[in-house]
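J.: My questions all concern the structure below.
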Amino acid sequence: MYETFYGLTRTPFARNIPTAELYNSVMVEETLGRLSYAAERQLFAVVTGECGTGKTTTIRRLKDMLDPGKYMVLYLADSKLTPRHFYKGLLEQLGCESRFYRGDAKRQLHREIELMKGIHRLEPVVIVDEAHLLDREMLEEIRFLLNFKMDAQSPMALILVGQNELWERLQLQSYAAIRQRIDLQCKLQNLDRAQVGAYVSRHLSYAGAEHDIFSDSALDVVFQYSSGSARLINKLCTHCLLYGYQNGKRIIDDHIVKLVIQGELS
Ligand SMILES: Nc1ncnc2c1ncn2[C@@H]1O[C@H](COP(=O)(O)OP(=O)(O)O)[C@@H](O)[C@H]1O
Ligand SMILES: [Mg+2]
25 MYETFYGLTR TPFARNIPTA ELYNSVMVEE TLGRLSYAAE RQLFAVVTGE
75 CGTGKTTTIR RLKDMLDPGK YMVLYLADSK LTPRHFYKGL LEQLGCESRF
125 YRGDAKRQLH REIELMKGIH RLEPVVIVDE AHLLDREMLE EIRFLLNFKM
175 DAQSPMALIL VGQNELWERL QLQSYAAIRQ RIDLQCKLQN LDRAQVGAYV
225 SRHLSYAGAE HDIFSDSALD VVFQYSSGSA RLINKLCTHC LLYGYQNGKR
275 IIDDHIVKLV IQGELS
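Here this note's numbering is used: position 33 in the sequence shown is 57, and no number is missing along the way.
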């Protein structure tokens, strides 16, 4: 649709951009560095940030970065995760059918993990996304994973990813047992104005644009509206491109962005 009008060969601001084509910021690089260290040393890390800051995208990159000959990444993102589903989900990813009872499934998981480490020489990296939605029981269960053999060595790297509330909750006295086990903490922030410009250009050049489509004043408004949230930038820019195409505007200026916000996004 609008792609041809703007001379684009791919769709910008889409969710499925290959990880090599993503916008790179110092913050994301730092987070990836810390998370690879967590994988290597089998640590417990917590990643938090507002919604739309790029947490899941960063995890996607981490997964692509980690050597599949060395690590086995198990990823769960289920807002209604119960301990049974948790074990079932992890076991399924290991190619096993989970036992029905929670206790059995848990022992089964531990056995599989030992096999994976001992025989296949793979280090497990368990990632639980949307972790701010987990209830206390589930968070406790996850904590138990870390000390199942009471030995000094951690059985896996564990990465909890969630919105800022997760971190706020972990500050509560009643979560002290979990909090004290956290080895690394990473916070993703919204993009600033300069980063919003770079982010938009990255998407457009990925899409094959040969010149700027958004004016500087348009980007100011995109920044104000989105507060630097990648998800909101994507949504707003996509709406602007559609509007521009329908109204024959090759350059999107602040006036257009404001019209789109008022007309379609407010
Ligand atoms: N570094 C990036 N480069 C390009 N697009 C990104 C980047 N970070 C996030 N996005 C895009 O922004 C949207 C929201 O990112 P997501 O990782 O789902 O956020 P979160 O998990 O923090 O809510 C996604 O569509 C994603 O493709
Ligand atoms: Mg997410």
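We put the CB at the ideal spot given by N, CA and C, even for glycine.
Given the structure is predicted, the values throughout are model-derived calculations rather than measurements.
Below 8 Å on the Cβ atoms is my contact criterion, and I expect G232 with T33 to pass it. Report the Cβ-Cβ distance as a whole number of Å.
T.: With a Cβ gap of about 4 Å, G232 and T33 count as contacting.
J.: Just to be sure I understand the criterion: a residue counts if its Cβ is closer than 6 Å to at least one heavy atom of ligand 1. Which residues meet that?
T.: My final list is R39, I41, L46, Y47, V52, G73, C75, G76, T77, G78, K79, T80, T81, A254, R255, N258.
J.: Inspect the beta-carbon positions of L90 and V97 and report whether they are closer than 9 Å.
T.: Contact: yes.
J.: Looking at the secondary structure, which residues open and close the alpha helix (DSSP H) in which N270 lies?
T.: According to the sequence displayed, residue 270 carries Gln and not Asn. Here the alpha helix (DSSP H) through Q270 covers 254 to 270.
J.: Taking the alpha-carbon positions, what's the H263 to V246 distance?
T.: Rounded to whole angstroms, H263 to V246 spans 11 Å at the Cα level.
J.: So what's A101 in DSSP terms, helix, strand or just coil?
T.: Strand.
J.: Any heavy atom of ligand 2 within a distance shorter than 8 Å of the CB on V70?
T.: Answer for V70: no, Cβ out of range of ligand 2.
J.: Quick check: what's the CA-CA separation for I202 versus C75?
T.: Each residue's alpha carbon lies about 23 Å from the other.
J.: I think A63 touches D207, with their Cβ atoms under 8 Å apart; what is that distance to the nearest whole Å?
T.: Wrong, their Cβ atoms sit about 12 Å apart, outside the cutoff.
J.: Tell me which residue opens and which closes the beta strand (DSSP E) that A155 is part of.
T.: Where A155 is concerned, there is no enclosing beta strand (DSSP E), given that its DSSP letter is neither H nor E.
J.: Starting from the N-terminal side, write out each stretch of the beta strand (DSSP E) that is 3 residues or longer and does not extend beyond the segment 44 to 109.
T.: Whole beta strand (DSSP E) segments, 3+ residues: 68 to 73, 95 to 101.
J.: Mind checking whether K94 and R58 have CB atoms under 9 Å apart?
T.: Not a contact, by the Cβ cut-off of 9 Å.
J.: Which residue or residues does DSSP assign as beta-bridge partners of I285?
T.: In DSSP, I285 forms no bridge with anything.
J.: Scan the segment 117 to 202 and note each continuous alpha helix (DSSP H) run of 4 residues or more that stays entirely inside, going in chain order.
T.: Fully enclosed alpha helix (DSSP H) runs of 4 or longer: 126 to 142, 160 to 170, 188 to 194.
J.: Is the closest heavy atom of ligand 2 to the C-beta of A155 under 8 Å?
T.: No, the beta carbon of A155 sits no closer than 8 Å to any heavy atom of ligand 2.
J.: My guess is that P36 and H235 are in contact by the Cβ rule of under 8 Å, so how many angstroms apart are they, rounded?
T.: Contact flag wrong, Cβ pair sits at about 14 Å.
J.: Per DSSP, W209 forms a beta bridge with which residues?
T.: Residue 209 is actually Gln in this sequence, not Trp. Its beta-bridge partners are V70.
J.: From the DSSP output, which residues share a beta bridge with I276?
T.: Looking at the DSSP assignment, I276 forms a beta bridge with F238.
J.: Between which residues of its own chain and Y111 is the CB-CB distance below 8 Å, once the five residues before and five after are set aside?
T.: Taken in chain order, the residues that qualify are S122, R126, A129, K130, Q132, L133.
J.: Comparing the CB of V185 with every heavy atom of ligand 2, is any distance shorter than 8 Å?
T.: Flag set: Cβ of V185 near ligand 2.
J.: Can we count A101 as close to ligand 2, meaning its CB is less than 8 Å from some heavy atom?
T.: Yes, ligand 2 has a heavy atom inside 8 Å of this Cβ.
J.: If we ignore side chains and look at the alpha-carbon of each, how far apart do E116 and Y99 end up?
T.: If you take the alpha carbons of E116 and Y99, they lie about 11 Å apart.
J.: If the criterion is Cβ atoms closer than 9 Å, does the pair Y30 and L265 meet it?
T.: For Y30 and L265, yes; Cβs fall inside 9 Å.
J.: Applying the criterion that 16 or more other CB atoms from any shown protein chain within 10 Å of the CB defines a buried residue, is R65 buried or exposed?
T.: Classification for R65: exposed.
J.: Kindly indicate the opening and closing residues of the alpha helix (DSSP H) around R226.
T.: Per DSSP, R226 belongs to the alpha helix (DSSP H) from 217 to 230.
J.: What do you reckon, are the CB atoms on E154 and P107 nearer than 9 Å?
T.: No, the Cβ-Cβ distance between E154 and P107 is not below 9 Å.
J.: Do Y199 and L163 come within 9 Å of each other at the CB atom, strictly closer than that value?
T.: Yes; because the gap between Cβ atoms is below 9 Å, this pair is in contact.
J.: How many whole angstroms separate the CB atoms of V71 and T55, which I take to be in contact at a CB cut-off of 8 Å?
T.: Yes, they are in contact, since the Cβ atoms of V71 and T55 sit about 7 Å apart, within 8 Å.
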